[in-house]
Every structure is written in structure tokens, then in C-alpha cells.
Amino acid sequence: MTLQNKLSKGDFVVLAEMNTPKGVDISDLVTNVRHLKSRIDAVVIPDMDNGVMHMSALAGGAIIRQQGLEPMIHVYGRDRNRMALQGDMLAAHVLGINNLVVVQGEAMTHGDHQNAKPVDDLNELDLLVMVHSLLKGRDLAGFELSGKPEFFTGCQVQPIQDDDHLEQEVKAAKAKVAAGAQYIMVPPAFDLDYYTQVLTRFKSLNVPVIATVFMLKNVGMARYISINDPSSKLPESLITRIRKSKDREMECVTIAGEMIKELKTQVQGIKISASGWEDRLPAIMDCAGL
Amino acid sequence: MITAEQKPLKEIIEYISPYNRILLVGCNECVTVCAAGGRKEVGLLASALHLNCLKQGKTIEIKELTLERQCDPEYVEELVSEIGRVDAIVSMACGCGVQSVAARYKETPVFPAVNTKFMGASVAQGIWEERCKGCGDCMLGITGGICPVARCSKHLLNGPCGGTSYGMCEISPDVECAWCLIWERLKALGMEKRYEEIMEAKDWRPAGGGGPRKIIREDLSL
């Protein structure tokens, strides 16, 4: 059963985020996918994650499809204009990539090619309109397509910093759903009570909500996130827990697994982001009982 | 200078339709020179808006003012005595002026009456052409004083594309090919050798690729 069918039926889904390589060696990606093949519903492939040049998500999606899993690729407007984006969407369909998630690109100034010229021809809403147009068999210039592509398209909301920001993002998500988003992906937060409140607001928009569980790797990373990302709501107790553990790495795996267990009953799907530690994903899923 | 053109009257009327007392503010700088938003245009627009209201059997109060520079807080401050007496402000300045007024008077809605177009130069009476993109890293010193970023349709930095034809650009017979102009100019200066120099891919950070730009002159700061 496809990811779209499962979410439409109300089934619970598990997604794993995996980056394409910065280069052409795809062995780690393929190995990690093989280890998870029977345990997850789709692999989410970011495109130039964090503004860092990688192999394109389109190629990553094709590799995932070759491995017999469903890919879901990020689509955003920073690096491509509407012509390139539409061309890539048509390519995605013929390569067997039908799950899209429309996201915002990281600012060029945060990436590894800071001197590049940002394109930003289409924003997230424009992209959803673009996908809708392609589904109807027309491009954005109104020309008829030779064969209609099929996509299952969702949107992502921004990390929520406070209650006022939550209101803004709920309104933005509502607009995205009206523009054609079929599911909502919510960025991670580490305070589960707070995260539950956030997820509840997005669930009210009547499309499947996918929560994100982000794997902390060590005390330094947890501390950095806690200080620099106010949306993370990362409690001090979590940092202390990792610090006091005899096996800190395993503690991080356990924490991610516990979060999945807690969130599983609240949302229709979980995306697990291990940011480079994808080989630990099976262990996280074991802890989560998935 | 910054060039602008007045917006369609219909759009301006839509902006101000909920309001009865309007402050219509012009600017004595660039928009005066390109005849889009100076004192004269303020008067003309006020008349047009009055006429439209009369046609509809309504009345409207329009206070006309033209500031020396709307992009300068010192002059924007001159509006302070009028703010309490109006429902909305219509600015005939460029986008910089509109934002300066909106930033100063947060409680009053501010609407633009012109479309800011480009940084350009006057090439004949009543004709302005784009000359500068504000890319932040001027290369006119090596391109014979002709900017390929602003004047080449494809912003090419290493010679023309195949769309150049007898000095004109493929996009329109009215548009000169910037690289033909550069070549002619370098020849006239005896600097043809420069044409062989390869320009590296441009760093777009100074052009705004890294976000809104800012100049800080500590020697001038108070």
C-alpha cells in the first residue's frame, strides 16, 4: 500500500530522513535504506539540506525507488525558477517519485555556497499551486502537458518559537492546505507537553499531521540547540540525562525512541531525522517498538 | 537615480476607498526628476482623486505635501503635525520613501502611488533606461563603463550570447546588446585585450544574495 493510501486510510506511517551524499558515493545511502526497507513507509530526501550542496534530491529519490522504497523529496524555490522546478517535477513522476514536501530553503548565507545567487522565483504557496496545476495537466504558463503527473504533496511548517508564532504558522498552514497541501509536517520540539499543544493546533486543519523526532547525538549538540534554537524547547533535564549516562550514544537513541512512543498515539506519522547517524535508525526503531 | 511610474488610478482609488481624509505626500528627489511623484504630480493626482469622488457623489479631503526627501527620517518628521488629522497616507515616493513613512507612523496606513522601477539614466527627454542593478561590486572599470549585469538581458559576464545581431539584443530590436557596446567601447579605448580576460562567476552576496544590505559609516554616525 502506498504512503498516500496509508495516510488516507488513517494508518500510522514512519518516515526516515536521509541525505544524499556530497559527492557520488551512494554506498552509505543504499546500505542505510536496505537496513530499514521492511520497517519504514518512505524515505524523506532533503534537497541541499541546510543550504549545503549535495547530490540533488531527484537523484536521491530515484535511488530510493530503485531500492524498492517510496521516496519523498523536498521541493523549494531558492535554487530553481519555475521552469526548472516544473521540469524536475515531471522528471520526478517518471522516475517514480510521487511524494513531495514543499519546504522553505535555508538562507544562502547559512550554506556552503554563500556567493550563489538565490532564485526565489516561487514561494511555498506558489509551489503548491504549481503542483496543483501540473496535476491538472497544465504548466504554469497554461500550456497542456503530454500526460498528467501524479503527486502526493504536503507542506512543512516553520519551527514554532512562541504562542504568537504558532498562531501565524497555523494561519500559514491553513493557506497551504487550501492551496493543495495534503499533509503537514511539523518540525521537532523536545518538550513533549509543548509539542503536543503545537501538534493539536495543526491537527485541527483536518489533514494528516506528521511529527518530527530529531535525534540528539551528544551533550554538545543538545546544548547548542537549547541555546540557539528557541523553537526546540529543549529542557535542561534532557541535557543532564545525556551527560549523566554511562553510554551517552545509547541514551540519545533511547531518548529518540521514547519520543516516538509518546508521539505515536498523537499523530498519523513520524519522521525520524538522525542527521548523519542513519545507521542508528534501526536501534531507534527498536527502542520505539516499531 | 531611482525611477518610478504612477500606479493605475484604479489601484490607488481601491487603496483609499475606505478613507475620507488623505495625506498625499510627494518627494522632491528622484521621483520629481522622472515626473512620477513630485509636487506637480501630487497636485495632478489629488485632482484626479477629487474628480473620481465627485463622479461617485462622495467627498474626500486631501492634504497635499511634498517633502525634500521621503527616505530621510529628518524630512519624514515634518509629517507629524498632519498625522492625527488624516485617515491614511498615500506616498508618491519610491519604495524607500513609502517604507520610511510607514516605519515612522505605525498607526496610520500608508499606500504607494507609484511603482518603483529601476536605477536608470535619462537617455532623451521623457525616456529613462536601466543602468545599474546595485550589485554592490561595480565592474564598470573593466567593462568599458557599460554594465553587463544591468544591460545584458542574460546578465552575462563573459561576452555576448548567440542572440546578438548587428549590435541589438534578441529580446527586442530596441534593446542594444551590452556586449556589443562593451566591445565597441574597448576598441575605442584600445583595450581589446581586456575582452580576453575571463571573469569569474560573480559573488552575489554584495548584490543582496545574503539578505537585505546595509551601509554603516562609523565616521558619520552620531
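Each protein sequence line maps, in turn, to chains B and H.
In terms of numbering that gives the first Met the number 0, the first sequence has 35 at position 36, counting the first letter as 1, and numbering is strictly consecutive.
In terms of numbering that gives the first Met the number 0, the second sequence has 184 at position 185, counting the first letter as 1, and numbering is strictly consecutive.
Note that CB positions come from ideal geometry on N, CA and C, so glycine has one too.
Query raised in the report: Does the distance from the C-beta atom of ALA221 of chain B to that of ILE238 of chain B stay below 7 Å?
Result: yes
Query raised in the report: Comparing the C-beta of TRP178 of chain H with each C-beta of chain B, is any distance below 7 Å?
Result: no
Query raised in the report: With respect to the alpha helix (DSSP H) encompassing ILE21 of chain H, which residues constitute its N-terminal and C-terminal limits?
Result: Here ILE21 of chain H belongs to no alpha helix (DSSP H); instead the beta strand (DSSP E) covers 20-26.
Query raised in the report: Any contact of the region 95-103 of chain H with the region 60-73 of chain H, i.e. 3+ C-beta pairs under 8 Å?
Result: These segments touch.
Query raised in the report: Between H:GLU129, H:CYS29, H:SER171, which lies nearest to CYS95 of chain H when the distance is taken from Cα to Cα?
Result: Comparing Cα-Cα distances from CYS95 of chain H to each of H:GLU129, H:CYS29, H:SER171, the minimum goes to H:CYS29.
Query raised in the report: If LEU28 of chain B sits next to ILE72 of chain B, beta carbons under 8 Å apart, how far is it from one beta carbon to the other, in whole angstroms?
Result: Their Cβ separation, rounded to whole angstroms, is 13 Å, which puts LEU28 of chain B and ILE72 of chain B out of contact at 8 Å.
Report task. Note down the Cα distance separating PRO186 of chain B from HIS131 of chain B, rounded to an integer number of angstroms. Result -> 24 Å
Query raised in the report: Taking DSSP as the reference, what is the three-state secondary structure of ARG103 of chain H?
Result: Here ARG103 of chain H sits in helix by DSSP.
Query raised in the report: Do the region 80-88 of chain H and the region 40-57 of chain H meet, that is, are 3 or more Cβ pairs less than 8 Å apart?
Result: no
**Report entry** Per DSSP, the bridge partner or partners of VAL208 of chain B
**Finding:** B:ILE183
Query raised in the report: So which residues on chain H does GLN66 of chain B lean against when the C-beta distance must stay under 7 Å?
Result: Chain H residues near GLN66 of chain B: none, gap ~36 Å exceeds 7 Å.
Requested in this report: Use the C-beta contact count for PRO320 of chain B: other C-beta atoms within 10 angstroms, 16 or more gives buried, fewer gives exposed.
Outcome: Nothing in the structure corresponds to residue 320 of chain B, since chain B is present only between 0 and 289.
Query - Residue burial classification, HIS109 of chain B (beta-carbon count within 10 angstroms, cutoff 16) - result: exposed
Requested in this report: Taking ARG68 of chain H as part of the beta strand (DSSP E), name the residues at either end of that continuous run.
Outcome: Segment: none, ARG68 of chain H is in no beta strand (DSSP E) and carries neither H nor E.
Query raised in the report: Apart from the five residues on each side of it in sequence, which residues of its chain come closer than 7 Å, Cβ to Cβ, to LEU156 of chain H?
Result: Once the five neighbours on either side are set aside, the close Cβ partners of LEU156 of chain H are PRO147, MET198, LYS201.
Query - Inter-residue CB distance, ILE11 of chain H and VAL89 of chain H (contact presumed, cutoff 8 Å) - result: 7 Å
Query raised in the report: With LEU121 of chain B and GLY76 of chain B assumed to form a contact (beta carbons below 8 Å), what rounded beta-carbon distance in angstroms separates them?
Result: Between GLY76 of chain B and LEU121 of chain B the Cβ distance is about 4 Å, and since that is below 8 Å, they are a contact.
Query raised in the report: For PHE11 of chain B, which of helix, strand or coil comes out of DSSP?
Result: coil
Query raised in the report: Nearest chain H C-beta to MET107 of chain B closer than 7 Å, yes or no?
Result: yes
Query raised in the report: Tell me which same chain residues have a C-beta within less than 6 Å of the C-beta of PHE110 of chain H, skipping the five on either side of it?
Result: TYR14, VAL89
Query - Rounded separation between VAL42 of chain B and THR264 of chain B - CA only - result: 21 Å
Query raised in the report: Can you give the Cα-Cα distance for PRO172 of chain H and VAL206 of chain B, rounded to whole angstroms?
Result: Whole-angstrom Cα-Cα distance: 52 Å.
Query raised in the report: Between which two residues does the alpha helix (DSSP H) containing TRP182 of chain H stretch?
Result: 177-187
Query raised in the report: What first and last residue would you give for the beta strand (DSSP E) that runs through HIS73 of chain B?
Result: 70-74
Query raised in the report: Around the C-beta of LYS135 of chain B, are 16 or more other C-beta atoms found within 10 angstroms, so that it is buried, or is it exposed?
Result: exposed
Query raised in the report: Is it a yes or a no for the region 226-236 of chain B touching the region 245-256 of chain B, going by three-plus beta-carbon pairs under 8 Å?
Result: Too few Cβ pairs lie closer than 8 Å, so no.
**Report entry** Sequence-distant residues of its chain with Cβ nearer than 7 Å to ALA172 of chain B (five each side left out)
**Finding:** CYS154, VAL156, ILE183, PHE201, LEU204
Query raised in the report: Are three or more beta carbon pairs between the region 137-150 of chain B and the region 189-197 of chain B nearer than 8 Å?
Result: no
Query raised in the report: Which parts of the region 121-187 of chain H are runs of the alpha helix (DSSP H), unbroken and 4 residues or longer, counting only runs that do not cross its ends?
Result: 147-150, 177-187
Query raised in the report: Pick from B:HIS34, B:THR253, B:ARG240: whose alpha carbon is nearest that of VAL212 of chain B?
Result: Minimum Cα distance to VAL212 of chain B is reached at B:THR253.
Query raised in the report: Would you say TRP203 of chain H faces chain B, with C-beta separation under 7 Å as the test?
Result: yes
Query raised in the report: Hey, how far is the Cα of LEU188 of chain H from the Cα of LEU139 of chain H?
Result: Distance between the alpha carbons of LEU188 of chain H and LEU139 of chain H: 14 Å.
Query raised in the report: My guess is that SER152 of chain H and CYS131 of chain H are in contact by the Cβ rule of under 8 Å, so how many angstroms apart are they, rounded?
Result: Not quite, the Cβ-Cβ distance comes to about 16 Å (not below 8 Å), so this is no contact.
**Report entry** Whole runs of the beta strand (DSSP E) within the region 121-164 of chain B, excluding any shorter than 3 residues
**Finding:** 151-155
Query raised in the report: Could you give the C-beta distance for TRP178 of chain H and GLY158 of chain H, rounded to a whole number, given that I count them as a contact under 8 Å?
Result: 6 Å
Query raised in the report: Looking only at DSSP bridge pairs, what is GLU16 of chain B linked to?
Result: B:VAL43, B:SER272
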